[in-house]
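Position one of the sequence shown corresponds to residue -19 (our numbering), numbered consecutively onward. Using N, Cα and C, we set each Cβ at its ideal position, and we do this for glycine too. Small disclaimer: the values here were computed from a predicted structure and weren't measured. In what follows, a structure is listed as structure tokens, so that the remarks can point back to it.
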Amino acid sequence: MKNIQEDIKTGNFKQAYLLYGEEAYLKQQYKHKLVQALNPEDDTMNFNHYEGRNIDVKELIDLCETMPFFADRRVVLLEDTGFFKNKCDELADYMKELPDYLCLIFVENEVDKRNRMYKAVKAAGRIGEFVQQDEKTLMRWAAGLLKKEGKMITQRDMELLLTMTGVDMGTCGWNWKR
-19 MKNIQEDIKT GNFKQAYLLY GEEAYLKQQY KHKLVQALNP EDDTMNFNHY
31 EGRNIDVKEL IDLCETMPFF ADRRVVLLED TGFFKNKCDE LADYMKELPD
81 YLCLIFVENE VDKRNRMYKA VKAAGRIGEF VQQDEKTLMR WAAGLLKKEG
131 KMITQRDMEL LLTMTGVDMG TCGWNWKR
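As structure tokens, this is what we get:
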């Protein structure tokens, strides 16, 4: 995750990113940060979003081969494709020769690290695994959110909150904002 943060901070982006894991809140946060950094002006001509398992790989590759229009890069966001659990050899082969103007962002729940796509993204870019956080980390995170709002919470109340909300950051964060 630190490498992805560094890329966003410096503006030196890789050609491919894979965000995966069971912690949906963090995954979505990094997805939004990457998309905003790569496509700061909400350029709809050079940004494409695909979701689901019914993506036509040949059509996707054709799109990737299309140069950006009055922009430095084309950004393609792909979510829950299944490319990292099932075979997708054609796209894995294409990943070896990505155009320098292209940035692919994959957001998946599950991946097989032995998969060709996983190895291809690793070679072309960065991979961020978002695991469920432990209670201590969640407590520090939630306390930080409260501190930004000028509020404090006791350790006991924090433990009670986590008992009620669970250890999912999305659930815990949602309750703080109410």
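Proximity winner among the options, relative to residue i (alpha-carbon distances)
i        : options                     : result
Pro79    : Thr46, Ala17, Asp(-13)      : Thr46
Glu(-14) : Glu2, Glu139, Glu3, Tyr10   : Tyr10
Leu140   : Gly130, Leu125, Glu115      : Glu115
Cys83    : Gln113, Val111, Ala17, Gly1 : Ala17
Glu21    : Leu6, Ala122, Phe50         : Phe50
Met119   : Glu129, Arg106, Arg136      : Arg136
Phe110   : Arg94, Asn89, Gly124        : Asn89
Asp69    : Ala123, Asn95, Tyr0         : Asn95
Asn(-8)  : Gly32, Leu14, Lys67, Lys131 : Leu14
Burial state of residue i, where buried means 16 or more other Cβ atoms lie within 10 Å
i        : result
Asn155   : The pLDDT assigned to Asn155 is 44, lower than 50, so where the model puts this residue is not dependable; a value taken from the coordinates is nonetheless given after this. Asn155 is exposed by the Cβ-count criterion.
Tyr(-3)  : buried
Met(-19) : exposed
Met144   : exposed
Asn34    : exposed
Thr134   : exposed
Met25    : exposed
Arg158   : The pLDDT assigned to Arg158 is 40, lower than 50, so where the model puts this residue is not dependable, and the model offers no usable value.
Lys7     : buried
Thr61    : buried
DSSP beta-bridge partners of residue i
i      : result
Cys83  : Val55
Glu109 : Tyr0
Asn28  : Val56
Glu39  : Partner(s): none; Glu39 has no beta bridge.
Glu88  : Tyr0
Residue i vs residue j beta-carbon contact at 7 Å
i        : j      : result
Ile(-16) : Gly108 : yes
Leu81    : Arg54  : One point to set straight first is that residue 81 is Tyr, not Leu, in the sequence displayed. In this structure, Arg54 lies closer than 7 Å to Tyr81 by Cβ.
Leu58    : Phe86  : yes
Gln112   : Glu2   : yes
Asp92    : Lys65  : yes
Ala100   : Met75  : yes
Asn19    : Val56  : no
Contact belief for residue i with residue j at Cβ below 8 Å, rounded distance in angstroms
i       : j      : result
Lys(-6) : Ala103 : Not confirmed; about 10 Å, so no contact.
Leu126  : Met97  : In fact, because the Cβ distance is near 40 Å, the residues do not count as touching under 8 Å.
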